[in-house]
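Remarks on the structure that follows.
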Amino acid sequence: MKRDIRNSVFLKAICYILIPIFVIIILLSAIYTEYIIEYPEMLTKSKFYETNRFASIYESKVNTIVYNTNNAKRSYTKIENTEEEIYYNSYNITSKMITYLIIDNETQEIYTNVNITEKTDSLTEIKDLIINEQNLYWNYEGKENIVNTNIENENLKSIKYSQLYEELKEGKYDIYTCLNNEQHEVFLENIIFNLAQKMKWIPTIAIPILIIIIIVMIVYLCISIGHKRGNKEIYLNKVDKWPIEITGIISIILIIFICYFASEINFGIRLSEKIELIVIANLFIIFYIVLYIILAAITTIIIKKIKTGTLIKSSLLYQIVNSILKFCQKIYDTTTRNIELNIKIVLYFIGTTLISVILFNMEGVGLLLLIAFWGYILYKIFKKIDEFKLVKNTTKQIYNGDFEQKIDETLVKGELKELSTYINDIAGGFSNAIQESIKSERLKTELITNVSHDIKTPLTSIINYVDLLKQENIQNEKAKEYIRILDNKSQRLKKLTEDLIEASKVSSGNVKFNIEKINVGELINQSIGEFEDKFKEKGLEIIPNLPNEEIDINADSRYMYRIIENIYSNISKYSLENSRVYIDVKLKEQKVYISFKNISKQKLNITVDELMERFVRGDKSRNTEGSGLGISISKSLTELQNGKFNIQVDGDLFKVELIFKQYKNKEG
Amino acid sequence: MYNILVCDDDKEIVSAIEIYLSKEGYNVLKAYNGEEVLKILRNNSIHLIILDIMMPIKDGIETLNEIRKTEAIPVIMLSAKSEDEDKIRGLNLGADDYVTKPFNPLELIARVNSGIRRYTKLGVLEDKNNKEIFKTGELVVNDTLKKVTVDGKDVKLTPIEYNILKFLIKNKGVVYSIEQIYENVWEEESYGTENIIAVHIRHIRQKIEINPKEPKYLKVIWGIGYKIENL
Chain A
21 MKRDIRNSVF
31 LKAICYILIP
41 IFVIIILLSA
51 IYTEYIIEYP
61 EMLTKSKFYE
71 TNRFASIYES
81 KVNTIVYNTN
91 NAKRSYTKIE
101 NTEEEIYYNS
111 YNITSKMITY
121 LIIDNETQEI
131 YTNVNITEKT
141 DSLTEIKDLI
151 INEQNLYWNY
161 EGKENIVNTN
171 IENENLKSIK
181 YSQLYEELKE
191 GKYDIYTCLN
201 NEQHEVFLEN
211 IIFNLAQKMK
221 WIPTIAIPIL
231 IIIIIVMIVY
241 LCISIGHKRG
251 NKEIYLNKVD
261 KWPIEITGII
271 SIILIIFICY
281 FASEINFGIR
291 LSEKIELIVI
301 ANLFIIFYIV
311 LYIILAAITT
321 IIIKKIKTGT
331 LIKSSLLYQI
341 VNSILKFCQK
351 IYDTTTRNIE
361 LNIKIVLYFI
371 GTTLISVILF
381 NMEGVGLLLL
391 IAFWGYILYK
401 IFKKIDEFKL
411 VKNTTKQIYN
421 GDFEQKIDET
431 LVKGELKELS
441 TYINDIAGGF
451 SNAIQESIKS
461 ERLKTELITN
471 VSHDIKTPLT
481 SIINYVDLLK
491 QENIQNEKAK
501 EYIRILDNKS
511 QRLKKLTEDL
521 IEASKVSSGN
531 VKFNIEKINV
541 GELINQSIGE
551 FEDKFKEKGL
561 EIIPNLPNEE
571 IDINADSRYM
581 YRIIENIYSN
591 ISKYSLENSR
601 VYIDVKLKEQ
611 KVYISFKNIS
621 KQKLNITVDE
631 LMERFVRGDK
641 SRNTEGSGLG
651 ISISKSLTEL
661 QNGKFNIQVD
671 GDLFKVELIF
681 KQYKNKEG
Chain B
41 MYNILVCDDD
51 KEIVSAIEIY
61 LSKEGYNVLK
71 AYNGEEVLKI
81 LRNNSIHLII
91 LDIMMPIKDG
101 IETLNEIRKT
111 EAIPVIMLSA
121 KSEDEDKIRG
131 LNLGADDYVT
141 KPFNPLELIA
151 RVNSGIRRYT
161 KLGVLEDKNN
171 KEIFKTGELV
181 VNDTLKKVTV
191 DGKDVKLTPI
201 EYNILKFLIK
211 NKGVVYSIEQ
221 IYENVWEEES
231 YGTENIIAVH
241 IRHIRQKIEI
251 NPKEPKYLKV
261 IWGIGYKIEN
271 L
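Those protein sequence lines, which keep their order, are chains A and B.
In case it helps, the working numbering puts the first sequence at residues 21 to 688.
In case it helps, the working numbering puts the second sequence at residues 41 to 271.
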């Protein structure tokens, strides 16, 4: 078989994984391109620290530090036991990026965020402490003097501080600062700058190639989505079958939730600089992946729906609109179907309204006429209702089985008259059919009985002469064997005709019962006694399980024995030799259950229903004794005495169950 | 030599019956319809009649009616109709016995023998005062001799069977359940041996009845018990 590329799960998985990776590469490249447009110095400068961007960040930071120090000197604490007046504040969050030392030239007070110990007492030592460990520093001493900057940045060197405070301009403060390289704002920009430096080639080459690959992959996915190995049709799972509105709303909610969460986190980062950069990066990657999965899933579902043509049909909107349309169609149909009658009704309606309005406007006599007119209309309506009632009641009588009933057609008019004719015809047909069927059933029973009687006379001769032949002294062994067969078969024919008469009588319900109180235990014991020999012949062991108390039922004793006789004869014929037969009598909720269980000799390859049918025997063959009518006769006899006759076949276990109502003394 | 009149519209059946009865030593006269029966009756001394019901010209029932106007001889009805109503009607009209077709030849002979015996031995002195003799119909149980006879023929029973039969015939017409029979015959409480009694009863029936399936003396009332019919 040709392998269909559309069925490859591996290929699809690759596409699903590669698409987001390529997209993020393209996205980064795009950001980079935008970055270059915004910062053209990227192309000229080789280091971030040399850029104007860095200079402006640095400048604004220094600005903020000086502003905060000038306005909130109280937030600094004085350090004791030093020669100079040193004030320290480690909580200045915005200045974490920069380590600083500010000297107030008027008061000679020193403000810093460096934790100075007692030992470092001279100002020079403190200055060194700041500068020494870092190579990125920038100092400012006095009026408009820029000194000692170690950073190769022309912009930074030439900061004029035109926008700085007067105090600074006038040389109120000497400032010594040093860049704390690990602070994220600068660090991140530095990384991006370095990355961008290294990947200058990407936008020009990678983007077009990646876009082409992505398009190819998307096209492949569009074609292959929904195809599954072994399925010719587009495969739809449970979620795919939901209306598009539901999947759409769910994914929109998810996307909104993700975006909200991401913006919250972004906001949190701005508040606190303590969160690790790597954690943030991971969080955003997770958001990106989740977002991608949602988008991919919804797109896949939509594509599948389009492919199977169920996108619109399964949508809620379509279904709602469709059911509205169908409803309208129904209304339209009912109005147009009986157009004649409906026009009639509308005309009547308009007519009566018109006449009423005219009469109403005539006043005086008109009003009297109006009352008379409406009285007449009401009379007409009541009469129609009466006619309808007549038709309905007669139809109900016919429905209840009285097919001799007829609707008197002279009492009804118009449409109802037509309806009455139809109903009368149907009733007549039914009546005939039932009489025919009763007649034919009776004829059938009579025919069977008569034919059986007619068979009996010649059969008598056959049996008698076969018996006479047996008494003749015949030496021929073959002839003897033939006579034995004749004897056997004629006896069987005799049994068959007898059963046939009984079965036809019983099944037509043509039996008179002499119902009396019967002791079930006694009946079972008597019947076992009668069949003891036959059971012994086959080595069957009878295990009766009778309750200790006396259980009585209401039945005809002779027919009860007939039922049990048939069951026993069945058991003795079809039981496995040397097996056991269980007879249980139980009383449950005022019902008497008599069950007979035996193991079948042959495989029971027919259903219980077939067993119940006349002329069917366990093995479906007809070469053993018996007529096959026994079970059917027993069932009919049981049911005619308001009992139940059940057969259960469980493997080789054959179970007959008789259920009768318990006998109840009328006095108690 | 007893004369037996056999009447059936089926000639072969009549011939067959003739063969059987001749073997038993009866003289057989044949008729093929009711009219012939009446004609033969007028001219011959007949001891028993076997009469088919469904016959042309004059049917069995009509013929039986005619016979009973003048004769008291035993009549065995023969019919393909096995329904109870037919049997009852026949017996009510004065038939002594009823055999359904197809019949067992041996049964028919037994019934003929029984009929002849009853007819010919009618009026034989009975010792009605003897309390040791129980009798119903032609079934006699002589407790002094421990002997059972049916239609004058000896029947051999085992002691248990004899005791059961004696108990039932002593109280003829009364129905006894298996338990009651056990308790009265064994004179101890019964426990779980119920269907042994049923087996004994069946054996007794096979010995004293012409057709054990349709017993005349020892009747089975299913689901109630057993009784000896009071005839």
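Positions of the beta carbon are idealized from the N, C-alpha and C atoms, including for glycine.
Simplified DSSP state of residue i, which is helix, strand or coil
i, result
"Tyr266 (chain B)", "strand"
"Glu561 (chain A)", "strand"
"Leu596 (chain A)", "coil"
"Ala71 (chain B)", "strand"
"Trp158 (chain A)", "strand"
"Ser641 (chain A)", "Caution is warranted here: a pLDDT of 45 is assigned to Ser641 (chain A), below 50, making its placement in the model unreliable, and the coordinate value is therefore given only provisionally. Of the three classes helix, strand and coil, the one that applies to Ser641 (chain A) here is coil, per DSSP."
"Glu227 (chain B)", "coil"
"Lys67 (chain A)", "coil"
"Asn420 (chain A)", "coil"
"Val214 (chain B)", "coil"
"Glu129 (chain A)", "strand"
"Glu630 (chain A)", "helix"
"Ile306 (chain A)", "helix"
"Val531 (chain A)", "coil"
"Ile323 (chain A)", "helix"
"Glu687 (chain A)", "Because the pLDDT at Glu687 (chain A) is just 45, under 50, the model does not fix this residue reliably, and the value given afterwards should be weighed accordingly. Three-state result, Glu687 (chain A): coil."
"Asp124 (chain A)", "strand"
"Asp194 (chain B)", "strand"
"Leu398 (chain A)", "helix"
"Lys258 (chain A)", "helix"
"Ile275 (chain A)", "helix"
Beta bridge counterpart(s) of residue i as assigned by DSSP
i, result
"Ser615 (chain A)", "A:Asp604 and A:Glu677"
"Gln668 (chain A)", "A:Lys675"
"Gln682 (chain A)", "A:Ile573"
"Asn182 (chain B)", "B:Ile173 and B:Lys187"
"Asn539 (chain A)", "A:Asp572"
"Val260 (chain B)", "B:Tyr266"
"Asn43 (chain B)", "B:Asn67"
"Glu105 (chain A)", "A:Glu129"
Chain-order list of residues whose beta-carbon lies under 6 Å from that of residue i (same chain, five-residue window excluded)
i, result
"Ile195 (chain A)", "Ile122 and Tyr160"
"Lys327 (chain A)", "Gly246 and Ile254"
"Ser15 (chain A)", "Missing from the structure shown is residue 15 (chain A); chain A here goes from 21 to 688 and no further."
"Thr414 (chain A)", "Gln425 and Ile427"
Contacts around residue i, its chain only, beta-carbon distance under 7 Å, and the 5 residues preceding and following it disregarded
i, result
"Lys537 (chain A)", "Asp572, Asn574 and Tyr683"
"Thr176 (chain B)", "Ile209, Lys212, Tyr257, Ile268, Glu269, Asn270 and Leu271"
"Val236 (chain A)", "none"
"Ala316 (chain A)", "Tyr36"
"Thr89 (chain A)", "Ile122 and Tyr131"
Beta carbon of residue i nearer than 7 Å to that of residue j
i, j, result
"Ile483 (chain A)", "Ser510 (chain A)", "yes"
"Val181 (chain B)", "Lys206 (chain B)", "yes"
"Glu550 (chain A)", "Arg242 (chain B)", "yes"
"Leu657 (chain A)", "Ile583 (chain A)", "yes"
"Ile53 (chain B)", "Ser481 (chain A)", "yes"
"Val190 (chain B)", "Leu197 (chain B)", "no"
"Thr110 (chain B)", "Gly74 (chain B)", "no"
"Thr119 (chain A)", "Cys198 (chain A)", "yes"
"Leu566 (chain A)", "Val605 (chain A)", "yes"
"Trp262 (chain B)", "Ser654 (chain A)", "no"
"Asn43 (chain B)", "Asn67 (chain B)", "yes"
"Lys617 (chain A)", "Tyr594 (chain A)", "no"
"Ile80 (chain B)", "Leu69 (chain B)", "yes"
Own chain partners of residue i with C-beta closer than 8 Å, once the 5 adjacent residues on each side are dropped
i, result
"Asn444 (chain A)", "Lys426, Ile427 and Glu429"
"Ile250 (chain B)", "Glu147, Ala150, Arg151, Ser154 and Lys256"
"Tyr159 (chain B)", "His87, Leu88, Ile113 and Pro114"
"Arg642 (chain A)", "For Arg642 (chain A), the pLDDT reaches just 45, beneath the cut-off of 50, and the residue's location in the model is therefore unreliable, leaving the point undetermined."
Cross-chain neighbours of residue i in chain E, by beta carbon under 7 Å
i, result
"Phe143 (chain B)", "Reference to chain E is not applicable here, since the protein chains of this structure are A and B."
Starting from the N-terminal side, write out each stretch of the beta strand (DSSP E) that is 3 residues or longer and does not extend beyond the region 109–165 of chain B.
-> The DSSP assignment places 115–119 and 137–140 as complete runs of the beta strand (DSSP E) inside the region 109–165 of chain B, in order along the chain (cut-off: 3 residues).
Completely contained beta strand (DSSP E) runs for the region 77–101 of chain A, where each covers 3 or more residues = 97–99
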